[in-house]
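Numbering of the sequence shown is given in our numbering, commencing with residue 42 and proceeding in unit increments. Positions of the beta carbon are idealized from the N, C-alpha and C atoms, including for glycine. Since the structure comes first, as structure tokens, the remarks are kept for the end.
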Amino acid sequence: MTVSRYLATSPVSKNDTRLFLRYVCGLSESQIFTQADRELSQEEKSRLDRCVSLSADGKPTAYIIGYRDFWRYRFKVTEGVLIPQPDTETLVENAISSLKKSRQSHLRILDLCAGSGCIGVSVAKELSESGKKTELTLSDISRDAYRVFSENAGIILKDTGVVVKCYCADLFDAVNVDVRENGKYNAILTNPPYIRTDVICTLSKQVQSEPHIALDGGADGLDLIKKIVSQAANFLTDNGLLLCEIGYDQGNEVKELFENAGYRETHIICDLGGRERVVSGIHRG
Numbered sequence: 042m043t044v045s046r047y048l049a050t051s052p053v054s055k056n057d058t059r060l061f062l063r064y065v066c067g068l069s070e071s072q073i074f075t076q077a078d079r080e081l082s083q084e085e086k087s088r089l090d091r092c093v094s095l096s097a098d099g100k101p102t103a104y105i106i107g108y109r110d111f112w113r114y115r116f117k118v119t120e121g122v123l124i125p126q127p128d129t130e131t132l133v134e135n136a137i138s139s140l141k142k143s144r145q146s147h148l149r150i151l152d153l154c155a156g157s158g159c160i161g162v163s164v165a166k167e168l169s170e171s172g173k174k175t176e177l178t179l180s181d182i183s184r185d186a187y188r189v190f191s192e193n194a195g196i197i198l199k200d201t202g203v204v205v206k207c208y209c210a211d212l213f214d215a216v217n218v219d220v221r222e223n224g225k226y227n228a229i230l231t232n233p234p235y236i237r238t239d240v241i242c243t244l245s246k247q248v249q250s251e252p253h254i255a256l257d258g259g260a261d262g263l264d265l266i267k268k269i270v271s272q273a274a275n276f277l278t279d280n281g282l283l284l285c286e287i288g289y290d291q292g293n294e295v296k297e298l299f300e301n302a303g304y305r306e307t308h309i310i311c312d313l314g315g316r317e318r319v320v321s322g323i324h325r326g
């Protein structure tokens, strides 16, 4: 069977099939088309069939191939870690834009509920390339996440000069000592669980395959967000930035949480699809 024939007859989406062809056969995106008549070996065909079978049964593609491309980088993911999504790049884009404008030449950043580390690592990498001296702290309650973001940070931030600290802890529990010894953070970036508990069972099989600890935000979806917003000011510098990913219908409520906690210049930021995706605010100490 040829590459083009496999792509045409695969029972899963063309996008996923192309990813499997790249993963199994070592082809680039362009080679899938320039080498369309290339015959697949029996081993390649068997491995592709296995990938397609897992995908058809509802296993997310990122878990099958072991990575997800996000922003400009490739992040390792495992089944114990939330899969990075394109909508989260809205938070990354706004963090980079805001922090590049900072007059501070030395920036301390905390990625809370870090998961794969895609947010903090992407931001730190971009800032380091712009000449900003950057320290990045990543923290997550999940031991699986800790292992994955530690590895991703080590690979992607190698030789950048970014100082990285990794913790496995609940919210701010592990960073108290870091703040006392090294100062507060210029920015806290977070994608906490924000889906209402009763909604999770209605989501696709692929989403339900992801760790519920990274999805379940409680009865109103705001359990973790409320805790983060109420505590974050204790760890932010004056004029420090808080950016929090939210659900599409949570903007006004989360913006009010920010304002009640004393944040100024609060904004609801929409993703490319026009959905509410991030709330931002500035801490005035």
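By the C-beta criterion, the segment 183 to 196 is judged not to be in contact with the segment 97 to 111, since fewer than 3 inter-stretch pairs fall below 8 Å. Under the criterion of beta carbons closer than 8 Å, Leu81 and Met42 qualify as touching, at roughly 5 Å. Note on Gln291: 16 or more other CB atoms within 10 angstroms of its CB, so buried under the neighbour-count rule. Spatial neighbours of Ile310 in its own chain (CB-CB distance under 7 Å, excluding positions within 5 residues in sequence) are listed in chain order as Thr131, Asn135, Arg318, Val319 and Ser321. Apart from sequence neighbours up to five positions away, the residues of its chain that approach Gly262 with a beta-carbon distance below 7 Å are Tyr235, Ile236, Arg237, Gly288 and Gln291, ordered along the chain.
Judged by DSSP secondary structure, Arg46 falls within the alpha helix (DSSP H) whose first and last residues are Val44 to Thr50. Beta-bridge pairing by DSSP links Ile323 to Leu282 and Arg305. Here Phe116 carries a strand assignment [DSSP, helix/strand/coil].
Beta-carbon to beta-carbon, Phe276 and Val204 are separated by about 17 Å, too far to satisfy the 8 Å threshold.
Under the Cβ criterion (8 Å, minimum of three pairs), the segment 139 to 147 does not count as touching the segment 87 to 95. Rounded to whole angstroms, the Cβ separation of Leu179 and Ile137 is 17 Å, and the two are not in contact under 8 Å. Looking at the backbone, the Cα of Phe61 and that of Glu70 are separated by about 11 Å. Annotation: Glu170 to Leu284 spans about 21 Å, alpha carbon to alpha carbon.
Note on geometry: alpha-carbon atoms of Leu48 and Cys66 lie some 13 Å from one another. In this structure Arg88 is not in contact with Ile73, their Cβ atoms being roughly 16 Å apart against a cut-off of 8 Å. Counting of Cβ neighbours within 10 angstroms places Ala260 among the exposed residues, the total staying below 16. Of the other Cβ atoms in all chains shown, 16 or more fall within 10 Å of the Cβ of Val162; this residue is therefore buried.
With a cut-off of 8 Å on Cβ pairs, the segment 248 to 259 is in contact with the segment 108 to 126, counting three or more such pairs. Taking all protein chains shown into account, Asp181 has 16 or more neighbouring C-beta atoms within 10 Å of its C-beta and is therefore buried. By the neighbour-count definition (other C-beta atoms within 10 Å, threshold 16), Lys55 is an exposed residue.
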